[in-house]
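Student:
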Amino acid sequence: LLGSVDAARRRVLADSMSGEDEMDAPSAPLTAAENRVLVVVDDKKDKGAALILDKLATLLNEAFDSNIVIDTYSPASSNIPIGGNNAQTAIIFASSLNDRSSLESLLGRVLKRTAPVAGGAPGMPPSHVVIISALGTERTNQMPYSMQNLFGGKLDKLREIEQAIAAISRSRIAGKQASLDYTIVKFGNVASDDDKIGDDGAEITIQPGDVLDGEIGPNAAANVLVQAMAYQPYARNATLCTAGGVDMATWNDKFLCLSGPELLRVEAGRGAEESDDGILDSKYEQLRQYVKQWSAAYEGDRKGTGLTTPVLVRKSRRPASELDGVVARSGVRILFQTTNTGDRYKSASEEKRDEKDRNSGGGVTKKPSSAAPVVIKTKSRKEGGVEILVEKTTDGNIRVRARRCNMDNKAIVKEMSEEVIVKNLKRAVEAWVTARATTG
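FYI, the numbering used here numbers position 170 of the sequence shown as 488, with every residue one higher than the one before it.
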């Protein structure tokens, strides 16, 4: 997979329908194109870029049957091609740009679709943009990042670039513009060699958002980029930070925390062996029932739960997944409900005006009509929530994870309510694990 998830789906659809009649073909089939990556970087501003890109070129060509063409440009160059030279993915080093307007100007050129030449197909600009940023852009009030940001607001400018790519991606008009996926990857300082991270090398760590500290090795950084570009759907439209120097084989599990994103993970130890008659893992079943009973406290009256937001508790329908390394999975979703706060709050005068409009038909005199009334259906707004999953992994371990759910671009993250649920869940699961270890 190079490019957006939507582009990949259309490519698969086009391939599967290549033998069918033209009338049945997709409305916007994708033409065959060489695998191409556009890189925008200023080596003088980002000293570690050359180390990462050397490793990245090798890994990409090992990952694909055909050679990957990597076009590298300086952001100051006037030769950056309109339409990105039909690259599927664009990698942009944020430290090479001056500010948010620099990114917007660059993408205005790179994402522009070019006209067909000599009867050929129109150009296809990149549908996936990877922004390489820095650790600490969301922690400029903490050391050592406050010092890094002290002169010139370096981290503030990087944060504005991160926010810009997310806004550009979300503003795409469905049906009129091709979808655009983004991935924001935050690295610390790039070490000269992976083995020089810490005393004996540090295992690569990936987390959502901006929570890690430390250096990263060039091989580890390149591996993270390859995974985000070509293999990991959870890395799409996500922000991740990473540090360490030893590349691991279990990449799917490393990126799983981006789904939601993940708010909590508690390991419950090895599962019990399945019996010959096919009975499921008894430890998994007991923990599953325990979490279900624990969640019942949030149903109905929320008194004593510590929540300020009304919730509904529903069964999770998220199935087990080989991609996630999970052979058994069940859980619940604690869904936040609408309240008359924030942008939903209405003053007394606004409520009176709304009531007057309803009673008078909005001040418009309507002529009687014999036509059937038009019923307008509105989608209920997503208010966020926490999904709690009990899982048995492919290697036989049992764990509990909590992830953010029921979100869209307009939903406001309810951090206080999330924190209450996650804190209570962590305490409950750890108590269950301790009690089971004691009783056997």
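Just so it is clear, CB atoms sit at the ideal spot from N, CA and C, and this is done for glycine as well.
Name the two residues that bound the continuous beta strand (DSSP E) containing Arg304.
Tutor: The structure shown does not extend to residue 304, since the chain is modelled only from 319 to 758, so the question has no answer here.
Student: In three-state DSSP terms, what is Tyr549?
Tutor: In the structure shown, Tyr549 sits in coil (DSSP, three-state: anything other than H, G, I, E or B).
Student: Which two residues bound the contiguous alpha helix (DSSP H) that contains Arg754?
Tutor: Here the alpha helix (DSSP H) through Arg754 covers 733-757.
Student: Should Ile491 go down as buried or exposed, given a rule of 16 or more other Cβ atoms within 10 Å for buried?
Tutor: Label assigned to Ile491: exposed.
Student: Tell me the rounded alpha-carbon separation between Pro399 and Val447.
Tutor: Approximately 15 Å, taken between the alpha carbons.
Student: Can you give me the C-alpha to C-alpha distance between Val584 and Met461, rounded to a whole angstrom?
Tutor: Their Cα atoms are separated by approximately 29 Å.
Student: Quick check: Pro579 and Arg722, are their CB atoms within less than 8 Å of each other?
Tutor: Yes, the pair counts as a contact, with Cβ atoms nearer than the cut-off.
Student: Assign Arg457 to one of three DSSP states: helix, strand, or coil.
Tutor: Three-state DSSP puts Arg457 in coil, outside helix and strand.
Student: Quick check: what's the CA-CA separation for Asn614 versus Val631?
Tutor: Residue identity check: residue 614 is Ala in the sequence provided, not Asn. Taking the straight line joining both Cα atoms gives about 8 Å.
Student: Since Cys723 sits in a beta bridge, which residues does DSSP pair it with?
Tutor: Answer by DSSP bridge pairing, in chain order: Gly703.
Student: Measure the C-alpha to C-alpha separation of Arg354 and Ser487 and round it to an integer number of angstroms.
Tutor: Rounded to the nearest angstrom, the two C-alpha atoms are 21 Å apart.
Student: Apart from the five residues on each side of it in sequence, which residues of its chain come closer than 7 Å, Cβ to Cβ, to Cys575?
Tutor: Excluding residues within five positions, the ones whose Cβ falls inside 7 Å are Ile524, Gln525, Pro526.
Student: Does any CB atom of chain C fall closer than 8 Å to the CB of Leu369?
Tutor: Within the model displayed, chain C is absent; a lone protein chain is all it includes.
Student: For the putative contact between Ala548 and Phe573, defined by C-beta atoms under 8 Å, what is the C-beta separation to the nearest angstrom?
Tutor: That belief does not hold up - the Cβ atoms of Ala548 and Phe573 are roughly 12 Å apart, past 8 Å.
Student: Should the segment 375-390 be called in touch with the segment 416-428, which here means at least 3 C-beta pairs below 8 Å?
Tutor: Too few Cβ pairs lie closer than 8 Å, so no.
Student: Quick one: give me the first and last residue of the alpha helix (DSSP H) that Glu478 is part of.
Tutor: That run of the alpha helix (DSSP H) goes 472-488.
Student: Report, in whole angstroms, the separation of the C-beta atoms of Tyr608 and Trp750, which I expect to be a contact under 8 Å.
Tutor: Tyr608 to Trp750, Cβ: 5 Å. Contact.
Student: Please go through the same chain and pick out, in chain order, the residues whose beta-carbon is closer than 6 Å to the beta-carbon of Met442, but skip the five residues on each side of it.
Tutor: Cβ within range, chain order: Asn404.
Student: Of the residues Asp642, Val704, Arg588, which one's Cα is nearest the Cα of Pro628?
Tutor: The shortest Cα separation from Pro628 among Asp642, Val704, Arg588 belongs to Val704.
Student: From Ala590, Val542, Arg699, pick the residue whose C-alpha is nearest to that of Leu374; which is it?
Tutor: Per the Cα distances, Val542.
Student: Determine the extent of the beta strand (DSSP E) in which Ile388 is found, giving its start and end residues.
Tutor: Taken as a continuous stretch (DSSP letters only), the beta strand (DSSP E) holding Ile388 covers 387-391.
Student: First and last residue of the beta strand (DSSP E) that includes Val529?
Tutor: Where Val529 is concerned, there is no enclosing beta strand (DSSP E), given that its DSSP letter is neither H nor E.
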